[in-house]
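Under the UniProt record's numbering, read the sequence shown as residues 1 to 843, first letter to last. Backbone N, C-alpha and C fix where the C-beta goes; we use that ideal spot for every residue, glycine too. Keep in mind the model is a prediction, meaning the values are calculated, not measured. Right, one structure below, let's go through it.
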Amino acid sequence: MGLYTYNSTDIPKSERIPKLVENLYARMPEIESARAVLLTESYEQTEDEPVIIRRAKAFRHILENIPIVIRDLELIVGSTTIAPRGCQTYPEFSYQWLEEEFDTVETRSADPFYISDKTKEELRRVNRYWKGKTTSELATTYMESETLLAIEHGIFTPGNYFYNGVGHVTVKYGEVLKTGFSGIKEKARCQKAKLNLTDGDYQQKSRFLEAVMISCDAAVTYAKRYAKLALEEAQKCPDMTRKKELLQIAQNCANVPEKGASNFYEACQSFWFVQQLLQIESSGHSISPGRFDQYMYPYYKEDIDNGKITREFAQELMDCIWVKLNDLNKCRDAVSAEGFAGYSLFQNLIAGGQNEDGVDVTNDLSFMSIQATMHVFLPQPSLSVRVWNQTPHEFLIKAAELTRTGIGFPAYYNDEVIIPSLVSRGLTLQDARDYNIIGCVEPQKSGKTEGWHDAAFFNMCRPLELVFSNGMDKGIQIGPKTGRVEEMKTFEEFYGAYKAQMDYAIKLLVNADNAIDVAHAERCPLPFLSSMVDDCIANGKTVQEGGAVYNFTGPQGFGVANMADSLYAVKKLVYDEQKVTMKEMKEALAANYGKGLSEEDVAFLTAKIAGSMKAAGQTVGEQEISAILKTVVAASEAPEVKKKGERILKLIEEVPKFGNDILEVDAFARDVAYTYTRPLQNYRNPRGGIFQAGLYPVSANVPLGAQTGATPDGRLAYTPVADGVSPSAGKDVNGPTAAANSVSRLDHYIASNGTLFNQKFHPSALSGRKGLENFVGLIRSYFEQKGSHMQFNVVSRETLQDAQKNPEQYKHLVVRVAGYSALFTTLSKSLQDDIIQRTEQGF
Numbered sequence: 001m002g003l004y005t006y007n008s009t010d011i012p013k014s015e016r017i018p019k020l021v022e023n024l025y026a027r028m029p030e031i032e033s034a035r036a037v038l039l040t041e042s043y044e045q046t047e048d049e050p051v052i053i054r055r056a057k058a059f060r061h062i063l064e065n066i067p068i069v070i071r072d073l074e075l076i077v078g079s080t081t082i083a084p085r086g087c088q089t090y091p092e093f094s095y096q097w098l099e100e101e102f103d104t105v106e107t108r109s110a111d112p113f114y115i116s117d118k119t120k121e122e123l124r125r126v127n128r129y130w131k132g133k134t135t136s137e138l139a140t141t142y143m144e145s146e147t148l149l150a151i152e153h154g155i156f157t158p159g160n161y162f163y164n165g166v167g168h169v170t171v172k173y174g175e176v177l178k179t180g181f182s183g184i185k186e187k188a189r190c191q192k193a194k195l196n197l198t199d200g201d202y203q204q205k206s207r208f209l210e211a212v213m214i215s216c217d218a219a220v221t222y223a224k225r226y227a228k229l230a231l232e233e234a235q236k237c238p239d240m241t242r243k244k245e246l247l248q249i250a251q252n253c254a255n256v257p258e259k260g261a262s263n264f265y266e267a268c269q270s271f272w273f274v275q276q277l278l279q280i281e282s283s284g285h286s287i288s289p290g291r292f293d294q295y296m297y298p299y300y301k302e303d304i305d306n307g308k309i310t311r312e313f314a315q316e317l318m319d320c321i322w323v324k325l326n327d328l329n330k331c332r333d334a335v336s337a338e339g340f341a342g343y344s345l346f347q348n349l350i351a352g353g354q355n356e357d358g359v360d361v362t363n364d365l366s367f368m369s370i371q372a373t374m375h376v377f378l379p380q381p382s383l384s385v386r387v388w389n390q391t392p393h394e395f396l397i398k399a400a401e402l403t404r405t406g407i408g409f410p411a412y413y414n415d416e417v418i419i420p421s422l423v424s425r426g427l428t429l430q431d432a433r434d435y436n437i438i439g440c441v442e443p444q445k446s447g448k449t450e451g452w453h454d455a456a457f458f459n460m461c462r463p464l465e466l467v468f469s470n471g472m473d474k475g476i477q478i479g480p481k482t483g484r485v486e487e488m489k490t491f492e493e494f495y496g497a498y499k500a501q502m503d504y505a506i507k508l509l510v511n512a513d514n515a516i517d518v519a520h521a522e523r524c525p526l527p528f529l530s531s532m533v534d535d536c537i538a539n540g541k542t543v544q545e546g547g548a549v550y551n552f553t554g555p556q557g558f559g560v561a562n563m564a565d566s567l568y569a570v571k572k573l574v575y576d577e578q579k580v581t582m583k584e585m586k587e588a589l590a591a592n593y594g595k596g597l598s599e600e601d602v603a604f605l606t607a608k609i610a611g612s613m614k615a616a617g618q619t620v621g622e623q624e625i626s627a628i629l630k631t632v633v634a635a636s637e638a639p640e641v642k643k644k645g646e647r648i649l650k651l652i653e654e655v656p657k658f659g660n661d662i663l664e665v666d667a668f669a670r671d672v673a674y675t676y677t678r679p680l681q682n683y684r685n686p687r688g689g690i691f692q693a694g695l696y697p698v699s700a701n702v703p704l705g706a707q708t709g710a711t712p713d714g715r716l717a718y719t720p721v722a723d724g725v726s727p728s729a730g731k732d733v734n735g736p737t738a739a740a741n742s743v744s745r746l747d748h749y750i751a752s753n754g755t756l757f758n759q760k761f762h763p764s765a766l767s768g769r770k771g772l773e774n775f776v777g778l779i780r781s782y783f784e785q786k787g788s789h790m791q792f793n794v795v796s797r798e799t800l801q802d803a804q805k806n807p808e809q810y811k812h813l814v815v816r817v818a819g820y821s822a823l824f825t826t827l828s829k830s831l832q833d834d835i836i837q838r839t840e841q842g843f
C-alpha cells in the first residue's frame, strides 16, 4: 500500500460542463481549409529556403492568420477549427485520398465528416501545389516493389504514417509550464551562440535552432491573439460573470505560454496551448499528455496551500480541459477510418505510479483525473492508471468505480513489467520509472523519446495463408516458396514454413517503415515539436532526424490467439492424432469450411482482387472476377464440401484453445508470439534506434480481418481477427481468471511497445463494494503474474444490441474499442459486432 491517502469526497460537477459537452456534439464534425491554404501560401513564398525554415515560417504564418474562436462558457481557450470537433487538412503529408473521397466522406460508415463545396474548391486549388511534394509520394519511391506488393495484398499496412504525421509523443509540458516559450527560445539562442561557424554541420544545426526560435515566437503570437479576442468579447459582454471570466482568460493568454505559469489556472491554459498547437503543426495523433497529475501538481498544491483556489474550481478547470481534448479531431482515409473508428485521437493521460526514485506519487490530481472523466464522460483523454505494489488501494477502488460506469476507462498498466522492459531497451532506470503511455498501450519516457509507436499493423494470420498457398495470393507470388503443405511430413516442417513466411514479411515491413521514416525527415521536420523533446536543441536536430535521446520504431502484430489456436489445431489434428489430412485442411480453408460467402463478401473480394491485379499490371474485368468467385462459392456449398467442412469444424472445436488456463496451450501461444517479436528486434531505423514489437491492433483486427481467409482455428473467412493478446472471442470459456492466467504466460517483456488485453464484464459483476474488491483483486493477480496491461468493457450484450438497433437512444454510450474508448454509435457496424461478440465474463 502507498503512503498517500485521498481524504476528500467526490467533487461535484459544475453546471458548465454538460453545456460545453452539448455544444461540442451539436452537429457532425466538419473539414475546414484554413490551415491548408495558409500553409501553401507560405510554401509558395519560401521556395529557395531550407526545409526546416520553411516549416517554421509556415507554422508562424498559420498561427498569425488562422481564424480563432472562444466558444460559449469556455474557461480554457484555443480551437483548431471554428466548427466544434472540426479538423484541418495536412496536404504536405498526403491529399489525393481526400480529394477522391470528397463525395463520400460525409456518408461513409466510419467517422463521417461534413465538407462544404467551398472547402472542396479551396482544397482542390491548393492541393495542386503539393503534387509530387508529399511525404507519402516520397516514401513510395523509397520502398521496394516487393514491399508495395505486400502492402497491396494486406500482409501489413503502414498507412498510419504513410498518409499522416507521426504524433505518438509526449513532450516536456513541465518545461513549458516552468519557463514558457521565452525560456525555450533563450535555450535555443544560447545553443546557437555556441556553434562554430566552420563546423561541417553548422548550417543544419544553426537553421534548426533558428526554426525553433521562429516556432516559439509563433506560439506566443497565437496566444496573444486569444488575449486580444477575449478582451474584445469582454468589452461587449453584458453578463458580468462572463465578463469577469473573459478578462481572466485575456490575462492568462497574455502571460502563458510566453512565460512560466504563476498559478494552476495559467498552467492549465499553458498546457492546452501546447497540446493544441502540436496538432496544428502536424496531423499526427496520439499526442499524449502523459503524467498530467505530476507536472501540474506543484501549481495545484501551491494554490491550494495558499488559499488561492478551491478544489472545486480546480476540478472545473480540469473538466474543461477534458472537454477541450474532445474538440481536437482528425479525418483519415476511409480504410484507415475503419481501423481507428470513433473519431479518436488517442490522447493518453496517465495517473498514479512512482517517481524516478521509486516512490509512489499518487496525489489529489490523480484522483481528480478519474473524477474529470466521470464528469465529462467522453472518449478523450484516453485515461490510464499505473499500478504497482505501492499503489494506494483506494486509488484502485476509485479507478474501478470509473470502470464500473462502462466507459472503458481507465486502462491499467503494470509498473513491475513495463519498467524492466524499458530498461532492457536502453532506458536508464530513472527514466523507465517515469514512463507514461502513448496512444493505445505504448510505454515511453516523456520528453526524451521519438518512439514511432503504432508504425504499422501486421496481420499474423496472413503469412499462414501463404504457407497453404506456397507464397501465392490471388495468383501472384508475394511470399517465398516454402513448399506444398500436402508434402510436409512433420509439424516442425510446417511451423518452419510459417516462420519463413513471417521473417520475409517482417523484413518488408521494416523496409516500409524506414522508407516513410526517411521521407518525414526530408520533407516534414517539426521544429515546434522538437523544441520540447530532449536532446534536440543540444544535438541541433529534429526528432525526425534522430535528435531525441531515445529512438524506436514500434509496429504492432495482432492475431496471436488465432495463430496459436490455428497452429495447435494443425499439430493436434493433422500430425499428432491424424484425424485430418493436410489436403483436407487446405480444402476446408479454401472452401471456408463449406459456409460459402455472402453477397457482401463477394462484392468486397471482387474489388480487392481487381485492385491487386491492377497493381500487378494485370487487367481483368470485375464482372469476370465476380463470376469466378461465385463459381467458387457454389463449389464450397456443395453438399459433400459442406459435410467435410462441418466435420473438420467440429474436430477443431474440441481442440483446447488459448485463454483457458491450459499450460501446454499457453506455452505454445508464447512461442507463436515470438515468431513476430523476436525477429523484429534485430532491425534498426534511420534515426539510429531499434525496432520493438507491440501486440495490439487498435481496431484494425476488424477491417484487416475482412481481408483474411479462413484459418485453422475455426475462424471463418473475412471475419475479425483476435484483438491484441486477448483470447479469440468466445473461446475463453473458463472465466476471467483463467483467461488472465493464460495471457500472463505470454512474454510481455519482449513486447516492449505494449500489449493489449481486453475483457468484458456484465455490470452485475462489479456491483457493490464486493464487486469492486473482486475486480481489483483480478487486476492485482494478473499483474503479479507479470501481465502488462488490462482494459475492460462493463456493459451487457443486450445493451449493446439495443444501441445498435436504436442509436438515437444511446448517443452518449461510450465503450472500450481497443486501446481507446469511443462513442458506440459512431463505430461501424462491423466494429460494433466485434465488441458485442467478445466473451462476457462474471466473477
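| request: Please report the Cβ distance between Tyr90 and Gly165, rounded to the nearest whole angstrom; I am assuming they are in contact, meaning their Cβ atoms lie under 8 Å. | output: 6 Å
* To do: Have a look at Pro257 and Asp305 and give me their C-alpha separation to the nearest angstrom.
  => 24 Å
* Identify, in the order they occur along the chain, each residue of the same chain with its Cβ nearer than 6 Å to the Cβ of Arg60, setting aside the five sequence neighbours on each side. => Ile214 and Ala218
**Prompt:** So, is Ile836 buried or exposed, given that buried needs 16 or more other C-beta atoms within 10 angstroms?
**Reply:** buried
Rounding to the nearest angstrom, what Cα-Cα distance links Gly132 and Asn263 in this structure?
Those two C-alpha atoms are separated by around 48 Å.
> For Ala818, which of Asp723, Ser742 and Val733 has the nearest alpha-carbon?
Replying inline: Asp723
As assigned by DSSP and simplified to three states, the class of Thr147 = helix
Is the distance from the Cβ of Glu30 to the Cβ of Tyr95 below 8 Å?
Result no, Cβ atoms of Glu30 and Tyr95 do not sit closer than 8 Å.
Quiz prompt | Secondary structure of Phe102, DSSP reduced to three states | solution = coil
- prompt: How should Gln430 be labelled, buried or exposed, when 16 other C-beta atoms within 10 angstroms of its C-beta is the threshold for buried?
  reply: exposed
Contained beta strand (DSSP E) runs [length at least 3] in the segment 209 to 290, N- to C-terminal order: Entirely contained in the segment 209 to 290, not one beta strand (DSSP E) run reaches 3 residues.
Is there contact between the segment 519 to 537 and the segment 133 to 142, where contact requires at least three CB pairs shorter than 8 Å?
yes
Checklist entry - If we count the other Cβ atoms within 10 Å of its Cβ and call it buried at 16 or more, is Leu328 buried or exposed? => result buried
Check: Along the chain, where does the alpha helix (DSSP H) that runs through Asn306 open and close?
Finding: Per DSSP, Asn306 belongs to no alpha helix (DSSP H) and is neither H nor E.
Notebook entry, point to check: Just reading off the beta strand (DSSP E) that Arg71 is part of, what are its end residues?
Noted result: First-last for Arg71: undefined, no H or E at that position.
| query | When DSSP labels each residue in this structure, what does Phe377 get in the three-state scheme? | reply | The answer is coil: DSSP assigns Phe377 none of H, G, I, E or B.
Note to self: Between Gly689, Gly559 and Pro679, which has its C-alpha nearest Phe552's C-alpha?
What the structure shows: Gly689
- prompt: Cα-Cα, which of Ala700, Gly540 and Gly787 is closest to Ala193?
  reply: Gly540
Supposed contact pair Cys268 and Ile68 - C-beta distance, whole angstroms, cut 8 Å = Contact between Ile68 and Cys268 is absent: CB atoms are separated by about 18 Å, not below the 8 Å threshold.
>> Looking at Val675: is its Cβ nearer than 8 Å to the Cβ of Lys499?
In response: Checking the sequence shown, residue 675 turns out to be Thr, not Val. It is a contact, given that the beta carbons lie within the stated cut-off.
Using the three-state DSSP reduction, which class does Ser699 fall into: helix, strand or coil?
coil
So what does Asn436 bridge to, in DSSP terms? Gln444
Original post:
Hey, Ile779 and Gln371 are a contact pair by Cβ (cut 8 Å); roughly how many whole angstroms apart?
Top reply: Incorrect: roughly 20 Å between the Cβ atoms, too far for contact.
**OP:** Take the Cβ of Lys118 as the centre, count every other Cβ of all protein chains shown within 10 Å, and call the residue buried at 16 or more, exposed below.
**Re:** exposed
At what residues does the beta strand (DSSP E) containing Lys760 begin and finish? Element bounds for Lys760: Asn758 to Phe761.
Practice item. May I ask you to list the residues that DSSP assigns as paired with Ala351? Key: Val385
- prompt: How many angstroms separate the CA atom of Lys187 from the CA atom of Ile537?
  reply: Cα to Cα, Lys187 sits roughly 8 Å from Ile537.
With a 10 Å radius around its C-beta and 16 neighbouring C-beta atoms as the bar for buried, classify Lys657 as buried or exposed.
-> buried
- prompt: Enumerated in chain order, which unbroken segments of the alpha helix (DSSP H) with a length of 4 residues or greater are wholly contained in the segment 23 to 64?
  reply: 34 to 45
**Prompt:** DSSP puts Tyr550 in a beta bridge; with which residues?
**Reply:** Per DSSP, Thr449.
What does the alpha-carbon distance come out to for the pair Ile478 and Leu466?
Cα to Cα, Ile478 sits roughly 8 Å from Leu466.
#### Entry: First through last residue of the alpha helix (DSSP H) which encompasses His520
Phe491 to Arg523
**Prompt:** Tell me which same chain residues have a C-beta within less than 7 Å of the C-beta of Thr825, skipping the five on either side of it?
**Reply:** Ala803, Pro807, Tyr810, Lys811 and Leu813
query: Under the three-state reduction of DSSP, which class applies to Ser688: helix, strand or coil?
result: Reading off the sequence, residue 688 comes out as Gly, not Ser. Reduced to three states, the DSSP call for Gly688 is coil.
Worksheet item: Under the rule that 16 or more other beta-carbon atoms within 10 Å means buried, what is Met460, buried or exposed?
Response: buried
ask   = Who are the near neighbours of Ala211 in its chain, counting only those whose CB is closer than 6 Å to its CB and skipping five residues on each side?
value = Ile52, Ile53, Ala56 and Pro527
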